[in-house]
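A.B. asks: Protein chains in written order, with the numbering used here: chain P, 4 to 63; chain F, 912 to 1119; chain H, 151 to 467. Just so you know, even glycine gets a beta-carbon here, dropped at the ideal spot from N, CA and C. In this text the structure is predicted, and so the values were computed from the model without any measurement.
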Amino acid sequence: MSSFINFAAIFPLTTLGHYIHWHFIQISVANLSVIVLMVITFITALVAPFPGRRRRRENR
Amino acid sequence: MSYSEIERQWTTRLRRRFVRLLPPEKLLPDNQPTYVSSWIYVFGVTTLSALMVVIASGCVLAIRGPQWWHTSSVGHFVNSLHLWSVEIFFFAMVVHLWGKYFMAAWRGGRSITWMTGVVTFLVSIATAFTGYVSQSNFDSQWIATQAKDGINATGAGAYFNVLNMGQMLMWHIVLLPLVAVLLTALHVLLVRVKGVVPPFEEQAKVSA
Amino acid sequence: MSKKNFRPDVDAEPWKGGYSPYDIVKEATIALVVVALLTVVLAVFFGSPDDPAITIKTWSNATPVDFAVTALSELNGTSGVAQYGAPYNTGSSGQALGPLKLAKWVGVRIPVNTVTDFVIDPLKALPDQPLLTQALKQWKNASPSTRTSWVTNYTKASSTMTFANRQIVVNATNVGPVPLFIDDLTQMAQSGALDQALVTQAGFYTTDYTLPLLFLADGSYLANQAARQHLTGDQWGMMNETGNYPGQAWLWLYTFWYQVAPFNSSGNGDVLVWGLMMALSAGLLLTPFIPGLRSIPRKTRVYRLIWREHYQNVEES
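1. What whole-angstrom Cβ distance do P:S31 and H:G397 have, given they're in contact under 8 Å?
2. Please determine, among P:T47, P:L16 and P:I43, the residue with the shortest C-alpha to C-alpha distance to H:I456.
3. Along chain H, in chain order, which residues have C-beta atoms closer than 9 Å to that of F:L925?
4. Alpha helix (DSSP H) containing P:I38: first to last residue?
5. For H:L222, which option in H:T264, H:D278 and H:T382 has the closest C-alpha, if you only look at C-alpha atoms?
6. If you drop the 5 nearest sequence neighbours on each side, which residues of the same chain put their C-beta closer than 7 Å to that of F:L962?
7. Quick one: residues in its chain with C-beta nearer than 8 Å to the C-beta of F:K1105, no 5 flanking neighbours on either side, listed in chain order?
8. Determine, using beta carbons only, whether H:F196 and P:P15 come nearer to each other than 9 Å.
9. Closest Cβ-Cβ distance between F:V953 and chain P: below 9 Å?
10. F:V1005 versus chain P: which residues are under 8 Å apart at the beta carbon?
11. Please confirm whether F:V1029 and H:S295 have their CB atoms less than 9 Å apart.
12. Which runs of the beta strand (DSSP E) spanning at least 3 residues fall entirely within the stretch 349–412 of chain H, listed in chain order?
13. Looking only at its own chain, which residues have a Cβ that is under 8 Å from the Cβ of H:S341, when we skip the five neighbours before and after it?
14. Relative to chain P, which residues along the stretch 181–200 of chain H have a C-beta separation below 7 Å, given in chain order?
15. Assuming the contact rule is C-beta atoms closer than 8 Å, F:A1064 and H:W407 should be a hit. Round their C-beta distance to whole Å, please.
16. In the DSSP assignment, find the unbroken alpha helix (DSSP H) run with H:N211 in it and report its ends.
17. For F:L1093, is the classification buried or exposed, using 16 other Cβ atoms within 10 angstroms of its Cβ as the cut-off for buried?
18. Is it true that the stretch 323–331 of chain H meets the stretch 280–293 of chain H, where meeting means three or more beta-carbon pairs spaced less than 8 Å apart?
19. Could you check the C-alpha separation between F:L1100 and H:V194 for me, to the nearest Å?
20. For F:S1118 and P:V42, what's the separation of their Cα atoms in angstroms?
21. If we call anything under 9 Å between Cβ atoms a contact, is H:V215 one with H:Y238?
22. Beta-carbon within less than 7 Å of H:G393's beta-carbon, same chain only, minus the 5 sequence neighbours each way: which residues are those?
23. Applying the 10 Å Cβ sphere with the 16-neighbour rule, what's the burial state of H:E224?
24. Could you tell me whether the Cβ of F:S991 comes closer than 9 Å to any Cβ of chain P?
25. Below 7 Å CB to CB, which residues in the same chain sit around H:V320 once its five sequence neighbours on both sides are set aside?
26. Can you name the residues that DSSP bridges to H:V190?
27. Taking 6 Å as the limit between beta carbons, can you name the residues of its chain near P:P54, skipping five residues before and five after?
28. Where F:M1079 and F:V997 are concerned, what is the direct C-alpha to C-alpha distance, given to the nearest angstrom?
29. What are the boundary residues of the alpha helix (DSSP H) that includes F:N1063?
30. How big is the Cα-Cα spacing for H:V190 and F:V964?
31. Can you tell me the Cα-Cα spacing of F:D1050 and H:F439, whole angstroms?
32. Here's the rule: buried if 16 or more other CB atoms are within 10 angstroms of the residue's CB, otherwise exposed. What is H:M428?
33. Could you list which residues in chain P have their beta carbon closer than 8 Å to that of H:Q351, in chain order?
34. Could you check what DSSP says for F:N990 in three-state terms: helix, strand or coil?
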C-alpha cells in the first residue's frame, strides 16, 4: 500500500526546535503558537456571531 | 408473575429510575434554551470528537502492535493522526474549560458536572503521559527517566514503574482510557440531566 | 428559592424562558468530520517525531570514557541510582514533604543493586572469557573491605582515564580485577550485548526496561542529547517535544515551579512540586465551593459576551 501512496509528511518538523527566551521563561515557537492560537480561538468564540438568531427570537 | 412482583424487580426499578432521570427527549433533546447562542458552546462536542479520533487512531496502532510505527510509513502516519488528535483534544478541552469557568457552569446544582470535568482533565493528562512513555523511542526514554523522580518521590513509583514499558502501555491502552471514557460519559449525561447552565441574573436596565 | 438565600455564584434559577430547535446530533457529526479532517491535514503536513531510542551500544561507542566512568560510579556507589533510595535501594532516605517521607515509607519495591545488576551479573553472562572468569572468582572470594580498597584506588586514578586502542586505560595500582571489569563491560556495551543482558536478566519475555534506562540515565550521553533538544528540567523541558513539534503545553504550570525558588534548588524539589500541584488541582476541582475563586466569573463579566443576545432580549422586553 505504501508504494502507491507516499505517507511521509510534507513538512516534517524534525529540525532542532526554535525557542524564545524571555527572562527566565523559555518556550518553543511551536508551543507558543499553540497557546496564542488557543487564546485567539477563545476570544473569537466569545465575540463571533452565532447563527440562528431569528429563530431564537421567534421562540423567546 | 404478578404485577406487584414485576414492580418490585431490580430491573423494573432501575429502568424506571433511569427513564425518570433521563427520558429520551432529555437524553437526545431537539431543542436548547435560547441563551445557548455562542460559539463557546461547541468546544465540549469538539473535545468529544477529538477523543473519538484519538481512540480510533489508537485502535489502528494496536492492530499491528507497539513497534509498527517505527518501521512502516503507514504506521507512522497513523501515529501522526494519534498525536495531532491528542493536540486537538487538549486544545479544545482547555478552551471548553475556560468557557465553562467564565460561565460559572457549576451553578444550580451542577458542581458534580464541573468536578467530573476536572477529573477527566487530570486523567487525560495521565493518559497522555503513559502514551508518551510508551513510544519506545528517545522521547519516551527521556520522559520516563525524568518523570520517575517526581513519581518516585510520592511513593507511587514503587508500584507505578514508569520505566516498565509493558506496564505503562497497558495503563495507556486499557485502564486509563476506560476511566476517561466512563468519566466523559458521566459528564455528558450530567449535562443532559441538569441542562446547560443558565445565564447570570442581571437587573434589566430601566430606560428613562 | 427565596431571594434572601440566593447565592449568585452558587445558585441558578431554573430557566423559564423559551427554547429553540437545536440539532445536537448534526452538530456532533459536523464536529467529528471537522476534527477528523483537521487531524488528517495536520498529520499529512507535519507528521510526528520519532527520534530513535538511544542504546547503551550507541552511548558507549560515542563516549566510551563517559560510559566507563558511569560503570565505575555503579561499582563505587556514587551513581545517581546507587544513592537514590526508595524504591530502588536504601542509598539515601529520599525526598520529604515536610515530615512525610513518602518514598521511604513505601520502601524498596524495585530492588536495584548497582554493583551486581549493572556490572557483575552482566559480566558473568559473557561466554568463553577465561581471564574474566578468573577475575570474577577473585572478586567473589575477596572480602568487602578488599573490594572497597580496589574500587577506591581505581576511582582515585580514574581522572586520567582514556580510551585508546579500543581499551579503557587507567594508571592505577592495587586495584584487583576492577580494570578488567570496566574494560570488559565497555567492550560488552559497545557490542550491544549489555543492552540485551540488562533486559533479559528478568527472563526471556520482558517488557521491563528499568535496568537499561537507569544505567543510561546515570551517564551524561542521554542528558546531553536531551539538552540539545531543549528537554531538560531547567529548559522547561517537560512542556517540550523533540524537533519543532508542539509538546505538552498543558504541563506549563507543573514545569514552571521547577524554574523558581525554593523548588529549583531544594533536594526535595520533586515531592514539593507534586504536593503543590496536587493542592492546586484540588483547588480547581473544588472551585464551586471556594468563595472568591468562584466569584471571579461574575465579577469579570466575561459572561456578558457569551450571553449578550440573552441580555439584549431581557433589556428589550
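C.D. replies: Let me spell this out:
1. Taking the first sequence and counting its residues from 1, the one referred to as residue 31 of chain P is at position 28. Taking the third sequence and counting its residues from 1, the one referred to as residue 397 of chain H is at position 247. Their Cβ separation, rounded to whole angstroms, is 7 Å, which keeps P:S31 and H:G397 in contact under 8 Å.
2. Position 306 of the third sequence, counting from 1, holds the residue named residue 456 of chain H. Among P:T47, P:L16 and P:I43, the Cα nearest to that of H:I456 belongs to P:T47.
3. Walking along the second sequence from the start, residue 925 of chain F turns up at place 14. Going along chain H, no residue has its Cβ under 9 Å from F:L925, so there is no contact; the nearest lies around 26 Å.
4. Taking the first residue of the first sequence as position 1, residue 38 of chain P is located at position 35. Its alpha helix (DSSP H) spans residues V32 to V50.
5. As a first step, residue 222 of chain H is located in the third sequence; it is residue number 72 there, counting from the start. When each option's Cα is compared against that of H:L222, the closest is H:T264.
6. As a first step, residue 962 of chain F must be located in the second sequence, where it is residue number 51. The answer, listed in chain order, is F1000 and T1095.
7. Within the second sequence, the letter at position 194 stands for residue 1105 of chain F. If we look at F:K1105 and ignore the five residues flanking it on each side, its Cβ neighbours are G1019, G1020, R1021 and T1024.
8. Within the third sequence, the letter at position 46 stands for residue 196 of chain H. Within the first sequence, the letter at position 12 stands for residue 15 of chain P. Contact: yes.
9. As a first step, residue 953 of chain F is located in the second sequence; it is residue number 42 there, counting from the start. Yes, contact with chain P.
10. Counting from 1 along the second sequence, the entry for residue 1005 of chain F is found at position 94. Residues of chain P passing the Cβ test: M41.
11. Mapped onto the second sequence, residue 1029 of chain F falls at position 118. Mapped onto the third sequence, residue 295 of chain H falls at position 145. No, the pair does not count as a contact, with Cβ atoms beyond the cut-off.
12. none
13. Residue 341 of chain H sits at position 191 when you count from the first residue of the third sequence. For H:S341, where only same-chain residues beyond five positions count, the Cβ hits under 8 Å are K207.
14. V194, F195, F196, G197 and P199
15. Translated into positions along the second sequence, residue 1064 of chain F becomes position 153. Translated into positions along the third sequence, residue 407 of chain H becomes position 257. At roughly 13 Å, the Cβ-Cβ gap does not stay under 8 Å, so F:A1064 and H:W407 are not in contact.
16. On the third sequence, residue 211 of chain H is found 61 positions in, with the first residue counted as 1. Here the alpha helix (DSSP H) through H:N211 covers I206 to A212.
17. Locating residue 1093 of chain F in the second sequence gives position 182, where the first residue counts as 1. Classification for F:L1093: exposed.
18. Enough Cβ pairs lie closer than 8 Å, so yes.
19. By 1-based counting over the second sequence, the position of residue 1100 of chain F is 189. By 1-based counting over the third sequence, the position of residue 194 of chain H is 44. Between F:L1100 and H:V194, the C-alpha separation is close to 35 Å.
20. By 1-based counting over the second sequence, the position of residue 1118 of chain F is 207. By 1-based counting over the first sequence, the position of residue 42 of chain P is 39. With a pLDDT of 41 at F:S1118, under the threshold of 50, the modelled position of this residue cannot be trusted; read the value that follows with caution. About 36 Å.
21. Counting from one through the third sequence, the residue named residue 215 of chain H turns up at place 65. Counting from one through the third sequence, the residue named residue 238 of chain H turns up at place 88. No, the Cβ-Cβ distance between H:V215 and H:Y238 is not below 9 Å.
22. Residue mapping note: residue 393 of chain H aligns to position 243 of the third sequence, counting from 1. Excluding residues within five positions, the ones whose Cβ falls inside 7 Å are P199.
23. Against the third sequence, residue 224 of chain H aligns to sequence position 74. With 16 or more other Cβ atoms within 10 Å, it is buried.
24. Position 80 of the second sequence holds residue 991 of chain F. Yes, F:S991 counts as interfacial toward chain P.
25. For the purposes of this step, residue 320 of chain H is taken as residue 170 along the third sequence, with counting starting at 1. For H:V320, where only same-chain residues beyond five positions count, the Cβ hits under 7 Å are Y304, A307, S308, T310, M311 and P329.
26. In the third sequence, counting from the first residue as 1, residue 190 of chain H sits at position 40. Looking at the DSSP assignment, H:V190 forms no beta bridge with any residue, so it has no partner.
27. Sequence index remark: in the first sequence, residue 54 of chain P carries index 51 (1-based). Counting only Cβ-Cβ distances below 6 Å, and skipping sequence neighbours, we find nothing.
28. Residue numbering aside, residue 1079 of chain F sits at position 168 when the second sequence is read from its first letter. Residue numbering aside, residue 997 of chain F sits at position 86 when the second sequence is read from its first letter. Each residue's CA atom was taken as its position, placing F:M1079 and F:V997 some 18 Å apart.
29. The residue given as residue 1063 of chain F occupies position 152 in the second sequence. Start and end: F1049 to A1064.
30. Locating residue 190 of chain H in the third sequence gives position 40, counting from the first residue. Locating residue 964 of chain F in the second sequence gives position 53, counting from the first residue. So the two alpha carbons sit approximately 10 Å from each other.
31. For this step, residue 1050 of chain F is matched to residue 139 along the second sequence. For this step, residue 439 of chain H is matched to residue 289 along the third sequence. Answer to the nearest angstrom: the Cα atoms are 40 Å apart.
32. Residue mapping note: residue 428 of chain H aligns to position 278 of the third sequence, counting from 1. The residue in question, H:M428, is exposed, as its Cβ has fewer than 16 Cβ neighbours within 10 Å.
33. The sequence position of residue 351 of chain H within the third sequence is 201, counting from 1. Those do not exist, as H:Q351 stays about 34 Å from chain P at its closest Cβ, beyond 8 Å.
34. Counting from one through the second sequence, the residue named residue 990 of chain F turns up at place 79. Three-state result, F:N990: helix.
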